[in-house]
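Each residue of the sequence shown is one higher than the one before, counting from 28 in our numbering.
Glycine included, every Cβ here is placed at the ideal spot set by N, Cα and C.
Model, not experiment: these values are computed from the prediction.
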Amino acid sequence: MNKIDYLSQFDLLRSLNREDLIEMDELTSITPFPKKQLIQSPDTFTEKLYFIKKGKVRLYRLNAEGRQFTLDILSEGNIFGEMNGISLGTRDVFIETVEACDICMMDKERFERYLLQRPRFMLNMIEAISQRLAHMSTLAQKLAIGRLHDKIIHILLKLSERFGNGNEDGSDFCAIGISLSHQDLANLVGASREAVTLGLQELAEAGAIRTGFRTIHVNREKLSALLDA
(Lines of atoms letter the chains of each structure in order from A and count residues from 1; the text may use other names and numbers.)
(Lines give C-alpha, C1' and ligand atoms only; values in the text may rest on other atoms or scores of the structure.)
Protein backbone atom coordinates (compact mmCIF):
# COMPACT_ATOMS: atom_id res chain seq x y z
CA MET A 1 0.00 0.00 0.00
CA ASN A 2 1.50 3.37 -0.99
CA LYS A 3 1.37 6.52 1.11
CA ILE A 4 -1.57 8.01 -0.80
CA ASP A 5 -3.62 4.92 -0.01
CA TYR A 6 -2.51 5.26 3.62
CA LEU A 7 -3.71 8.85 3.71
CA SER A 8 -7.06 8.05 2.13
CA GLN A 9 -7.93 5.84 5.10
CA PHE A 10 -7.89 8.72 7.60
CA ASP A 11 -11.43 9.78 8.49
CA LEU A 12 -10.33 13.40 8.51
CA LEU A 13 -9.15 13.16 4.88
CA ARG A 14 -12.25 11.56 3.38
CA SER A 15 -13.42 14.93 2.04
CA LEU A 16 -10.37 15.10 -0.25
CA ASN A 17 -10.29 13.78 -3.81
CA ARG A 18 -7.33 11.84 -5.17
CA GLU A 19 -5.66 14.95 -6.61
CA ASP A 20 -5.83 16.58 -3.18
CA LEU A 21 -4.38 13.44 -1.61
CA ILE A 22 -1.49 13.43 -4.09
CA GLU A 23 -0.67 16.98 -3.06
CA MET A 24 -1.07 16.03 0.60
CA ASP A 25 1.41 13.21 -0.01
CA GLU A 26 4.05 15.80 -0.84
CA LEU A 27 3.53 17.44 2.56
CA THR A 28 3.90 14.32 4.67
CA SER A 29 6.51 11.82 5.70
CA ILE A 30 5.64 8.52 7.39
CA THR A 31 7.94 7.69 10.28
CA PRO A 32 7.92 4.39 12.22
CA PHE A 33 8.26 4.58 16.01
CA PRO A 34 8.91 1.60 18.30
CA LYS A 35 6.84 0.82 21.40
CA LYS A 36 7.43 3.11 24.41
CA GLN A 37 9.21 5.71 22.26
CA LEU A 38 8.94 9.29 23.52
CA ILE A 39 7.85 11.42 20.56
CA GLN A 40 7.70 14.70 22.44
CA SER A 41 8.32 16.23 25.86
CA PRO A 42 7.45 19.79 26.93
CA ASP A 43 11.12 20.68 26.42
CA THR A 44 11.34 19.24 22.91
CA PHE A 45 8.05 20.62 21.53
CA THR A 46 8.14 21.78 17.91
CA GLU A 47 5.27 23.01 15.75
CA LYS A 48 4.16 19.99 13.76
CA LEU A 49 0.93 18.19 13.01
CA TYR A 50 0.83 14.39 13.23
CA PHE A 51 -1.59 11.78 11.88
CA ILE A 52 -1.52 8.32 13.44
CA LYS A 53 -1.55 5.80 10.61
CA LYS A 54 -0.96 2.74 12.79
CA GLY A 55 -0.71 2.13 16.52
CA LYS A 56 -1.56 4.15 19.62
CA VAL A 57 0.05 7.02 21.50
CA ARG A 58 -0.39 8.29 25.04
CA LEU A 59 -0.53 11.94 26.10
CA TYR A 60 0.48 12.59 29.71
CA ARG A 61 1.74 15.15 32.23
CA LEU A 62 3.85 14.88 35.37
CA ASN A 63 2.68 16.26 38.72
CA ALA A 64 4.92 17.91 41.30
CA GLU A 65 5.93 14.52 42.69
CA GLY A 66 6.85 13.21 39.24
CA ARG A 67 3.82 10.92 38.97
CA GLN A 68 2.39 10.48 35.48
CA PHE A 69 -1.21 11.44 34.71
CA THR A 70 -2.50 10.20 31.35
CA LEU A 71 -4.61 12.77 29.51
CA ASP A 72 -5.63 10.67 26.52
CA ILE A 73 -4.82 7.63 24.40
CA LEU A 74 -5.08 8.16 20.64
CA SER A 75 -5.35 5.46 17.98
CA GLU A 76 -5.36 5.13 14.18
CA GLY A 77 -6.88 8.08 12.33
CA ASN A 78 -6.35 10.56 15.17
CA ILE A 79 -4.33 13.74 14.93
CA PHE A 80 -2.17 15.55 17.46
CA GLY A 81 0.32 18.40 17.56
CA GLU A 82 0.14 22.15 17.01
CA MET A 83 0.71 24.72 14.30
CA ASN A 84 -0.02 28.43 14.07
CA GLY A 85 -3.78 28.77 14.52
CA ILE A 86 -4.25 25.01 15.02
CA SER A 87 -3.98 23.73 18.58
CA LEU A 88 -4.78 20.26 19.86
CA GLY A 89 -3.64 21.01 23.40
CA THR A 90 -0.36 19.11 23.14
CA ARG A 91 2.20 21.89 23.61
CA ASP A 92 3.02 21.15 27.28
CA VAL A 93 2.59 17.38 27.39
CA PHE A 94 4.62 14.23 26.95
CA ILE A 95 3.65 12.06 23.97
CA GLU A 96 4.73 8.42 24.00
CA THR A 97 3.90 5.44 21.82
CA VAL A 98 1.86 2.73 23.52
CA GLU A 99 2.79 0.26 20.79
CA ALA A 100 4.74 0.32 17.54
CA CYS A 101 3.40 3.19 15.41
CA ASP A 102 3.52 4.59 11.89
CA ILE A 103 2.98 8.35 12.07
CA CYS A 104 2.59 10.92 9.28
CA MET A 105 4.24 14.27 10.00
CA MET A 106 3.16 17.45 8.22
CA ASP A 107 5.29 20.27 6.83
CA LYS A 108 4.12 23.43 8.63
CA GLU A 109 4.20 26.30 6.10
CA ARG A 110 2.99 24.32 3.09
CA PHE A 111 0.24 22.65 5.09
CA GLU A 112 -1.13 26.02 6.23
CA ARG A 113 -1.38 27.11 2.59
CA TYR A 114 -3.02 23.78 1.77
CA LEU A 115 -5.69 24.41 4.42
CA LEU A 116 -6.56 27.85 3.09
CA GLN A 117 -7.26 26.37 -0.35
CA ARG A 118 -9.59 23.64 0.99
CA PRO A 119 -12.22 25.09 3.33
CA ARG A 120 -14.13 21.82 3.69
CA PHE A 121 -11.03 20.04 4.93
CA MET A 122 -10.43 22.92 7.34
CA LEU A 123 -13.98 22.50 8.69
CA ASN A 124 -13.37 18.78 9.17
CA MET A 125 -10.23 19.58 11.11
CA ILE A 126 -12.05 22.09 13.31
CA GLU A 127 -14.69 19.44 14.04
CA ALA A 128 -12.00 16.90 14.96
CA ILE A 129 -10.32 19.42 17.26
CA SER A 130 -13.65 20.28 18.91
CA GLN A 131 -14.45 16.61 19.52
CA ARG A 132 -11.01 16.01 21.04
CA LEU A 133 -11.25 18.98 23.40
CA ALA A 134 -14.81 18.07 24.42
CA HIS A 135 -13.72 14.50 25.17
CA MET A 136 -10.77 15.64 27.28
CA SER A 137 -12.91 18.18 29.15
CA THR A 138 -15.67 15.65 29.93
CA LEU A 139 -13.20 13.02 31.09
CA ALA A 140 -11.32 15.52 33.25
CA GLN A 141 -14.55 16.54 34.97
CA LYS A 142 -15.46 12.93 35.73
CA LEU A 143 -12.00 12.18 37.12
CA ALA A 144 -11.63 15.40 39.12
CA ILE A 145 -13.96 14.43 41.97
CA GLY A 146 -15.66 11.35 43.35
CA ARG A 147 -14.65 7.93 44.55
CA LEU A 148 -11.75 6.06 43.00
CA HIS A 149 -14.21 3.20 42.41
CA ASP A 150 -16.26 5.45 40.10
CA LYS A 151 -13.19 6.86 38.36
CA ILE A 152 -11.98 3.36 37.47
CA ILE A 153 -15.42 2.48 36.08
CA HIS A 154 -15.54 5.70 34.02
CA ILE A 155 -12.14 4.90 32.50
CA LEU A 156 -13.02 1.27 31.75
CA LEU A 157 -16.28 2.28 30.08
CA LYS A 158 -14.53 4.93 28.00
CA LEU A 159 -11.73 2.54 26.97
CA SER A 160 -14.23 -0.17 26.01
CA GLU A 161 -16.18 2.38 23.97
CA ARG A 162 -13.10 3.53 22.06
CA PHE A 163 -11.04 0.34 21.86
CA GLY A 164 -13.56 -2.46 22.50
CA ASN A 165 -13.29 -5.54 20.29
CA GLY A 166 -16.92 -6.58 20.66
CA ASN A 167 -18.51 -9.28 22.77
CA GLU A 168 -16.62 -12.56 22.55
CA ASP A 169 -18.30 -15.89 21.83
CA GLY A 170 -21.73 -14.44 22.50
CA SER A 171 -20.81 -13.55 26.08
CA ASP A 172 -21.60 -10.27 27.81
CA PHE A 173 -17.93 -9.33 28.04
CA CYS A 174 -16.06 -7.03 25.68
CA ALA A 175 -12.26 -7.08 25.37
CA ILE A 176 -10.49 -3.72 25.60
CA GLY A 177 -8.19 -3.87 22.59
CA ILE A 178 -5.19 -2.23 24.18
CA SER A 179 -2.50 -3.64 26.46
CA LEU A 180 -3.09 -2.26 29.98
CA SER A 181 -1.17 -2.80 33.18
CA HIS A 182 -2.48 -1.77 36.60
CA GLN A 183 0.06 1.07 36.50
CA ASP A 184 -1.33 2.23 33.14
CA LEU A 185 -4.80 2.49 34.68
CA ALA A 186 -3.37 4.23 37.73
CA ASN A 187 -1.85 6.84 35.41
CA LEU A 188 -5.26 7.34 33.80
CA VAL A 189 -7.15 7.93 37.06
CA GLY A 190 -4.38 9.69 38.99
CA ALA A 191 -4.08 7.11 41.77
CA SER A 192 -1.55 4.63 43.11
CA ARG A 193 -1.12 1.25 41.47
CA GLU A 194 -1.97 -0.50 44.73
CA ALA A 195 -5.28 1.35 45.06
CA VAL A 196 -6.22 0.60 41.45
CA THR A 197 -5.36 -3.09 41.91
CA LEU A 198 -7.76 -3.28 44.86
CA GLY A 199 -10.44 -1.49 42.83
CA LEU A 200 -10.07 -3.92 39.95
CA GLN A 201 -10.29 -6.87 42.32
CA GLU A 202 -13.59 -5.52 43.68
CA LEU A 203 -14.99 -5.14 40.16
CA ALA A 204 -13.86 -8.66 39.25
CA GLU A 205 -15.53 -10.07 42.37
CA ALA A 206 -18.72 -8.25 41.37
CA GLY A 207 -18.60 -10.00 37.98
CA ALA A 208 -18.20 -6.73 36.07
CA ILE A 209 -14.73 -7.38 34.63
CA ARG A 210 -12.29 -10.20 33.89
CA THR A 211 -8.57 -9.57 33.99
CA GLY A 212 -5.52 -11.33 32.61
CA PHE A 213 -1.93 -10.38 31.84
CA ARG A 214 -2.29 -6.77 30.60
CA THR A 215 -5.82 -7.59 29.39
CA ILE A 216 -9.23 -6.52 30.65
CA HIS A 217 -12.66 -7.76 29.55
CA VAL A 218 -15.61 -5.69 30.71
CA ASN A 219 -19.33 -6.19 31.08
CA ARG A 220 -20.55 -2.71 30.20
CA GLU A 221 -24.05 -3.28 31.59
CA LYS A 222 -22.75 -4.40 34.99
CA LEU A 223 -20.16 -1.63 35.12
CA SER A 224 -22.81 1.00 34.38
CA ALA A 225 -25.07 -0.45 37.08
CA LEU A 226 -22.24 -0.26 39.64
CA LEU A 227 -21.58 3.34 38.65
CA ASP A 228 -25.20 4.28 39.28
CA ALA A 229 -25.43 2.33 42.55
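Here Val125 is not near Lys80, since their CB atoms are 8 Å or more apart. Assignment of beta-bridge partners to Lys81 by DSSP yields Asp129. Put simply, the backbone Cα of Phe121 is about 11 Å away from that of Asp99. Looking only at Asp199, Ser208, Gly217, the smallest Cα-Cα distance to Lys249 is reached by Asp199.
Beta-bridge analysis with DSSP links Gly191 to Ile203. Annotated as proximal: Met133 and Leu54, with beta-carbon spacing under 8 Å. By the C-beta density criterion, Thr165 is exposed, having fewer than 16 other C-beta atoms within 10 angstroms. Per DSSP, the continuous alpha helix (DSSP H) segment holding Gln228 begins and ends at 220-232. Annotation: Glu74 is outside any beta strand (DSSP E) and is labelled neither H nor E by DSSP. Following the DSSP letters along the chain, one finds Asp99 in no alpha helix (DSSP H) but inside the beta strand (DSSP E) bounded by residues 95-101. In the structure shown, Arg118 falls within a coil segment according to DSSP collapsed to helix, strand and coil.
Under DSSP, Arg88 takes part in a beta bridge, and its partners are Phe96.
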